[in-house]
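Novice: Quick one: the structure is below, and I'll ask about it shortly.
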Amino acid sequence: MTHKLQLERPLQLIQITLAVLWIYQGLVPKILFQSSAEIGIWQAIGLELHLAKIAVALSGLIEIGFGCTFLIWQKAVFIHQFNILGLSGLLLLIMFTDPLQLTTAFNPVIMNIAMIAISMIAIQLLNFRTQQA
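Those letters in the sequence shown? Residues 1 to 133, by UniProt numbering.
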């Protein structure tokens, strides 16, 4: 079995994992059960309650769409680079708008750093795969 084939399963697992995480984060706390913390972030930016709820739902749709990109473009490094950039930006946003969220269990620091690390591993595997071709 070639190195290229040995990398396929771990890369698929990474892609599916990131897709599921993004889709879940977009669907559950933003669309199905709008989290008061999510609404609070938009209110901290200056939106009124009804607009904040709409913004939460729209951001959920964007997250679901982004999660799907991991399933569509499974060999694209740029998706992982964008993931790292986006998660870093979202973490900074939380630090400035609702720093108390950083002290809770399963907080954005834990989730974002884990997802960033997964994307960093994916980039390394994708680059190695390209070198082996």
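No residue lacks a Cβ here, since even glycine has one placed at the ideal position from N, Cα and C.
Verify whether the separation of the beta carbon atoms of L126 and K53 is less than 8 angstroms.
Specialist: No, they are not a contact pair.
Novice: If P108 sits next to L85, beta carbons under 8 angstroms apart, how far is it from one beta carbon to the other, in whole angstroms?
Specialist: The pair is not a contact, with the Cβ atoms about 15 angstroms apart (cut-off 8 angstroms).
Novice: For K75, name the three-state secondary structure that DSSP assigns.
Specialist: Of the three classes helix, strand and coil, the one that applies to K75 here is coil, per DSSP.
Novice: Tell me, please, whether the region 16 to 32 touches the region 62 to 71 by the rule of three or more beta-carbon pairs shorter than 8 angstroms.
Specialist: As far as the Cβ criterion goes, the region 16 to 32 touches the region 62 to 71, which means the pair count is three or higher.
Novice: Determine the DSSP secondary structure at T103, reduced to helix, strand or coil.
Specialist: T103 falls in the helix class under three-state DSSP.
Novice: Report, in whole angstroms, the separation of the C-beta atoms of E63 and G26, which I expect to be a contact under 8 angstroms.
Specialist: About 3 angstroms; that satisfies the 8 angstroms criterion.
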